[in-house]
């Protein structure tokens, strides 16, 4: 986790006048599990293809281990790719598939034989040497694709949505498998996916991309807990994102109610995006018929405002049991709040909603109009 | 450099394919009865071909056989595809390879075998005073047989793509089998049926060998007419007619192609 | 739809039996009997006469040659077409099919005009002060006619096979260190073998059995086996000998069909134009 192994400098790429990558700068350290995460068309696959040598950037440089490889052909690069939908050679046996790169490099047959059995053991497909790719399941073909790439001992393995075609259970198994492989091989993995859960599970570093720009780079924890903008917040996990006004440091106004928060430095009376994760909202039930000046109601209010935070009142409109928690929608001031809680509040319950100041994320509004339109519509 | 080479190569093939056609079209404007010399430009063969009864009757026979054989072979092919689709793999392979024989076999063998059949049938029926007359009927049967594998192969893949659940859903919602087939399955395989029909029509229109062996004296299609005319010299009206047919097909193809290019957009919207 | 319906399968089963299987059996019957109906091998043995052997050997040589040339011409062509920008391909492939809409007999006949002593090609050669070529009524003219007529049958299956290759499979070969040459011979070409085989059969069988091309471009000087058999039926009228010769011809067709069946992976769509 020390030196820069790959350095992408000022990469731009457009197809038919459509900008796909705009001045992308990114470095990847040795032995890192880095994930490029984003919706389709965000530029993540193009970035990977530039690394693999299947696309040449319009401008910018790709530095690998101190050398400029921008124009180097794919077959001359010390990285190997695991393609979407496997791309196995259907006219060759499994052993021939795995041996392909080694035979090209004219390795001795005894070495190749050892490598094949080593690779098949590594991906738990011992004894499949003479099968044809078509006779294997999707998950098995995926493992062969990985085996075919790693026998060449690349410094970097590029994985292009490798689990996209597998079903959920298999995908989860393969996630653990990939982490194990990565640790056993001790090489760098660059992984492309649109699945945020996959990214959070496996990565050392996540690069969130959208519309050709990097939105945020960080550890899974950083990305989840401290999203830098509304797009990241919305794309990673579920979020409530709404308009607010930063009245002053540590005080934000949303839906006409003042809330204490911990963010500073946004200025005075500045419009901002406020992000609150569904599991961070705390609900307190009040009897439906309780008047606002009744003793019962006031007691509930005192309970939620003991730290002087601010609160909202609402009514539960939907309730779904999700196993570990309940997912609820709470109508409040014309906004539908998504709330996760281990406690159940039946539909129709009147609730008070409060949130710990540490769990309120304040973000600057995006600068341009079209970025604002992205991903914020579910709120 | 590589691109230039590809261009040159494409151009070479293009000339190889179109030179004969250019020659034929030129002949249709040649104001001379023989193709040996150029007699200047004329349009008179385009007018005269309509007055040439032999050519007009050959055209009529050609079109009639093409339309009827395409229709019947498409219908038979549709039935075949439907019942093949519900068969197990082994039975299907056996029957499919039988249907495919006329496609893989030499045309001359198919033609001869049908000719022998009709002769044998004629001898057999003659005991009761009946006869098999070589002509329109025998040619039609030959063309249907020859077209059948092509229509089956056009319809089969489309039929395999049909989602059986939608058909079952229609039955579940109370539709009869016939109604469910017409409303649910047929629209999905329509493109296969149409391309099968077009293919059969084209093959029939252009066929010579099968017709040559199954036709009798006095019955001619354009191809057999050309074959018999070769030795005494092709009448210029024939060039005019062929040019006209070629151009009409080209125009039809363009209209058809334009309609087809809209299809993917519609597909995209529904997915 | 899983329920078997005899009304559906009846018509074409009857059709197949009546007009495909029985006629073929009749060739076998006529080919192996004499005019009295007694069994004999003599019709088949008729192929052994020097004149007929010459026609058969020439047919085999010319059809193999035409098939080879078609393959050599069509493969690069298919590669060029596949590499073209998507969208243009449909149009360009159509361009190679359009000629088939002109009556095939006339198209072959047009080659007469091009190849004749005073034909277009010789006039061009004369214009360039090059010696005239004797082209028409030679085996070369027949081979040219075969190549011209059957080239699309070779092109389309190869093109379909190339089109089906996932670009990522090609990229995977590069990624694993193969250069362009290695990628072509180890990955692209092997994946198109079914298309190549199908193209070979679709050119070889009609080329081997044609009598029209040799009639038009070979004059009466060059006879192919197709002409020999055709004459037996339409001019000599000896169906027994004609059938016997056809049986010999069918052996070659069966060999080529068996080869095709062996490589066919249950996907016959490539055959349909």
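Residue numbers (my numbering), protein chains in the order written: chain A, 23 to 401; chain B, 751 to 1021; chain C, 19 to 291.
Glycine residues also receive a C-beta, built at the ideal position from the N, C-alpha and C atoms.
None of these values were measured; they are calculated from a predicted model.
Minimum Cβ-Cβ distance from residue i to chain C less than 9 Å
i                     : result
residue 855 (chain B) : yes
residue 102 (chain A) : yes
residue 954 (chain B) : no
residue 74 (chain A)  : yes
residue 154 (chain A) : no
residue 123 (chain A) : yes
residue 882 (chain B) : no
residue 915 (chain B) : no
Alpha carbon of residue i to alpha carbon of residue j, nearest angstrom
i                      : j                     : result
residue 89 (chain C)   : residue 804 (chain B) : 41 Å
residue 287 (chain C)  : residue 218 (chain C) : Confidence at residue 287 (chain C) is low in this model, with a pLDDT of 40, below 50, so the placement of that residue should be treated as unreliable; the coordinate-derived value is given next. Near 16 Å, if we compare the C-alpha coordinates of residue 218 (chain C) and residue 287 (chain C).
residue 80 (chain A)   : residue 278 (chain C) : 47 Å
residue 159 (chain C)  : residue 782 (chain B) : 26 Å
residue 345 (chain A)  : residue 271 (chain A) : 39 Å
residue 242 (chain C)  : residue 231 (chain C) : 9 Å
residue 152 (chain A)  : residue 146 (chain A) : 15 Å
residue 123 (chain A)  : residue 101 (chain A) : 12 Å
residue 920 (chain B)  : residue 941 (chain B) : 21 Å
residue 1001 (chain B) : residue 116 (chain C) : 11 Å
residue 280 (chain A)  : residue 332 (chain A) : 6 Å
residue 302 (chain A)  : residue 190 (chain A) : 27 Å
residue 275 (chain C)  : residue 177 (chain A) : 50 Å
residue 256 (chain A)  : residue 263 (chain A) : 8 Å
residue 319 (chain A)  : residue 313 (chain A) : 7 Å
residue 143 (chain A)  : residue 911 (chain B) : 38 Å
Residue burial classification, residue i (beta-carbon count within 10 angstroms, cutoff 16)
i                      : result
residue 964 (chain B)  : buried
residue 273 (chain C)  : exposed
residue 970 (chain B)  : buried
residue 321 (chain A)  : exposed
residue 199 (chain A)  : buried
residue 785 (chain B)  : buried
residue 900 (chain B)  : buried
residue 290 (chain A)  : exposed
residue 923 (chain B)  : exposed
residue 929 (chain B)  : exposed
residue 56 (chain C)   : exposed
residue 384 (chain A)  : buried
residue 1029 (chain B) : No answer is possible for residue 1029 (chain B): the residues shown for chain B start at 751 and end at 1021.
Interface flag, residue i vs chain B, CB-CB below 9 Å
i                     : result
residue 42 (chain C)  : yes
residue 121 (chain C) : yes
residue 229 (chain C) : yes
residue 264 (chain C) : yes
residue 83 (chain C)  : no
residue 284 (chain C) : Note on residue 284 (chain C): pLDDT 45, under 50, position unreliable in the model; the coordinate value appears next. Chain B contact via Cβ: present.
residue 260 (chain C) : yes
Cutoff 9 Å: residue i Cβ touching any chain A Cβ
i                     : result
residue 208 (chain C) : yes
residue 214 (chain C) : no
residue 191 (chain C) : yes
residue 218 (chain C) : no
Assess, as a yes-or-no matter, whether the segment 896 to 911 of chain B is touched by the segment 940 to 952 of chain B under the definition of 3 or more beta carbon pairs within less than 8 Å. yes
What residues in the segment 770 to 786 of chain B bring their beta carbon closer than 7 Å to a beta carbon of chain F? Annotation note: the requested chain F is absent from the structure, which comprises protein chains A, B and C.
Is there contact here, the segment 142 to 149 of chain C with the segment 997 to 1004 of chain B, by at least three beta-carbon pairs under 8 Å? no
Pair every Cβ in the segment 201 to 212 of chain C with every Cβ in the segment 185 to 192 of chain C, then say whether three or more of these pairs are closer than 8 Å. yes
Report yes or no: do three or more beta-carbon pairs, one from the segment 119 to 135 of chain A and one from the segment 187 to 194 of chain A, lie closer than 8 Å? no
Starting from the N-terminal side, write out each stretch of the beta strand (DSSP E) that is 3 residues or longer and does not extend beyond the segment 912 to 992 of chain B. For the segment 912 to 992 of chain B, there is no continuous beta strand (DSSP E) assignment of 3+ residues that stays within its boundaries.
Taking 8 Å as the threshold, find out whether the segment 758 to 767 of chain B comes into contact with the segment 360 to 372 of chain A through three or more Cβ pairs. no
Any chance the segment 871 to 885 of chain B sits against the segment 848 to 862 of chain B, with 3 or more Cβ pairs inside 8 Å? Touching, no, given that fewer than three Cβ pairs across the two stretches are closer than 8 Å.
Suppose only complete runs of 4+ residues qualify. What are the alpha helix (DSSP H) ranges in the segment 61 to 138 of chain A, listed by chain order? 66 to 74 and 116 to 126
Is the segment 273 to 283 of chain A touching the segment 232 to 243 of chain A, taking contact as three or more C-beta pairs under 8 Å? no
Below 8 Å, can you find three or more Cβ-Cβ pairs linking the segment 159 to 177 of chain A to the segment 113 to 121 of chain A? yes
Between the segment 211 to 219 of chain A and the segment 64 to 71 of chain A, are three or more C-beta pairs nearer than 8 Å? yes
Check whether the segment 162 to 170 of chain C touches the segment 210 to 229 of chain C, counting contact only when three or more Cβ pairs, one atom from each stretch, lie closer than 8 Å. yes
Count Cβ pairs between the segment 65 to 85 of chain C and the segment 239 to 247 of chain C that sit closer than 8 Å; are there 3 or more? yes
Please go through the segment 207 to 287 of chain A and give each complete alpha helix (DSSP H) segment of 4 or more residues, from N-terminal end onward. 218 to 224, 242 to 247 and 252 to 257
Do the segment 251 to 258 of chain C and the segment 84 to 100 of chain C meet, that is, are 3 or more Cβ pairs less than 8 Å apart? no
Mind the definition here: the segment 113 to 132 of chain C touches the segment 762 to 773 of chain B only if three or more C-beta pairs lie below 8 Å; say whether that holds. yes
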